[in-house]
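One structure below.
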Amino acid sequence: MTRVAETDLAEAERSIQKKDPHRTQGKSMNAASKVSAGDKSGPMKIVCLVGSPHGRRGNTARLLDEVLRGAASRGAVAETVFLRGAEVRPCRGCDRCHIEGRCPQRDDFAAIRERIMAADGLIMASPNYINQVSAQLKAFIDRCCGVIHCLGFEGRYGAAVVTSGGGPEKMIADYLNQFHIMTGIHPVGAVHATMAEMPDGEFTEAVRRRAFHLGRRLVGAWKTGARYPWVERRMAAFHARMAALIAYRRQQWPFEYDWWQKHRGL
Ligand SMILES: Cc1cc2nc3c(=O)[nH]c(=O)nc-3n(C[C@H](O)[C@H](O)[C@H](O)COP(=O)(O)O)c2cc1C
Numbered sequence: 031m032t033r034v035a036e037t038d039l040a041e042a043e044r045s046i047q048k049k050d051p052h053r054t055q056g057k058s059m060n061a062a063s064k065v066s067a068g069d070k071s072g073p074m075k076i077v078c079l080v081g082s083p084h085g086r087r088g089n090t091a092r093l094l095d096e097v098l099r100g101a102a103s104r105g106a107v108a109e110t111v112f113l114r115g116a117e118v119r120p121c122r123g124c125d126r127c128h129i130e131g132r133c134p135q136r137d138d139f140a141a142i143r144e145r146i147m148a149a150d151g152l153i154m155a156s157p158n159y160i161n162q163v164s165a166q167l168k169a170f171i172d173r174c175c176g177v178i179h180c181l182g183f184e185g186r187y188g189a190a191v192v193t194s195g196g197g198p199e200k201m202i203a204d205y206l207n208q209f210h211i212m213t214g215i216h217p218v219g220a221v222h223a224t225m226a227e228m229p230d231g232e233f234t235e236a237v238r239r240r241a242f243h244l245g246r247r248l249v250g251a252w253k254t255g256a257r258y259p260w261v262e263r264r265m266a267a268f269h270a271r272m273a274a275l276i277a278y279r280r281q282q283w284p285f286e287y288d289w290w291q292k293h294r295g296l
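Start counting at 1 in the sequence shown, then tack on 30, and there's your number in the working numbering.
Rendered as structure tokens:
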């Protein structure tokens, strides 16, 4: 059974006090062909981020539900964070994350980030808003600049869900999966739907099947530690780019330079 709960951010704040926020940071840059995001004796834990202001009643959340049904059929448990009910302010570009390893803004971003770090998988879900993700989700993505530079979600598996009025959706799904790669998450695919093609706003059987199988694939990949060569190639290229950037910025970004020296042998 799918267990989907709206996140309780106060509870999340309490639980993250007990966790090591950098538990993924000790891994070698030359990742093995299989990765583990933690203990696999229990069910896979998935966090979903929904960027739609329509929340759980929106088209995107309804399509996500089909993905979660597939994930639940392989035993996964999931919680969904609806960004419309959270406060994640836009990045101010202050560079504190690079300089000190922390964001000075006090809102819900840190709690959501730590929930992802405590999970095995991340599903990013957004409507098409003028050929991009929604502003709510983009704000979260921009706030992940420090996560990206230090590959903070490494070892997890991901997927993307997108709906649009008339299309396109694929380029937005690709963008979300590229975000996954930049944070160290291994994406397994995406599902998207053009609502104008859905009779009476209901997803067709074909779309529902694709969504269901995406959920199953996500859990299967986590269980087996599967790696896709195209993802490995993009990840390796991105890691090399980050290493060069952090080395170049060693004076300006001491936190990230120290982190790369300590954990990646820069
Ligand atoms: C501000 C805004 C911008 C949108 N831009 C596009 C667009 O560029 N292309 C498109 O096909 N649909 C666009 N749509 C339609 C939504 O993507 C579509 O209705 C989607 O399924 C809504 O998902 P939701 O119910 O989860 O919010 C837009 C809707 C809004 C409100």
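Note that beta-carbon positions come from the ideal geometry of N, C-alpha and C, so glycine has one too. These numbers were taken from a predicted model, which means no experiment stands behind them.
Residue i classed as buried or exposed, judged by whether at least 16 other C-beta atoms fall within 10 angstroms
i, result
"Lys-75", "buried"
"Gln-281", "exposed"
"Arg-132", "exposed"
"Pro-157", "buried"
"Arg-143", "buried"
"Ile-160", "exposed"
"Gln-166", "buried"
"Asp-150", "buried"
Cβ-based neighbour list, residue i, same chain, cut-off 6 angstroms, excluding 5 preceding and 5 following
i, result
"His-216", "Tyr-187 and Val-261"
"Ala-270", "none"
"Asn-89", "Thr-193 and Met-225"
Where residue i sits in the DSSP three-state scheme
i, result
"Ala-274", "helix"
"Pro-120", "coil"
"Ser-164", "coil"
"Cys-174", "coil"
"Thr-324", "This structure does not reach residue 324, given that the chain is present from 31 up to 296, and the question cannot be answered."
"Leu-296", "coil"
"Cys-127", "helix"
Residues of its chain near residue i, where Cβ-Cβ distance is below 7 angstroms and the 5 sequence neighbours each way are ignored
i, result
"Asp-138", "Leu-39, Ala-116, Glu-117 and Val-118"
"Thr-234", "Met-228"
Distance between residue j and residue i (C-alpha atoms, nearest Å)
i, j, result
"Cys-175", "Asp-95", "29 angstroms"
"Gly-100", "Arg-257", "20 angstroms"
"Gln-135", "His-128", "14 angstroms"
"Asp-125", "Thr-110", "29 angstroms"
"Phe-285", "His-222", "38 angstroms"
"Met-272", "Asp-230", "46 angstroms"
"Pro-73", "Lys-292", "32 angstroms"
"Arg-92", "Arg-86", "7 angstroms"
"Lys-253", "Asp-204", "24 angstroms"
"Thr-213", "Met-147", "11 angstroms"
Integer-rounded CB distance, given that residue j should sit under 8 angstroms from residue i
i, j, result
"Ala-155", "Gly-250", "Between Gly-250 and Ala-155 the Cβ distance is about 20 angstroms, and since that is not below 8 angstroms, they are no contact."
"Ala-189", "Leu-275", "No, Ala-189 and Leu-275 are not in contact; Cβ-Cβ is about 27 angstroms, not under 8 angstroms."
"Trp-289", "Cys-180", "5 angstroms"
"Leu-152", "His-210", "7 angstroms"
Short CB-CB distance (under 8 angstroms) between residue i and chain D
i, result
"Gln-135", "This model lacks chain D altogether; it includes just one protein chain."
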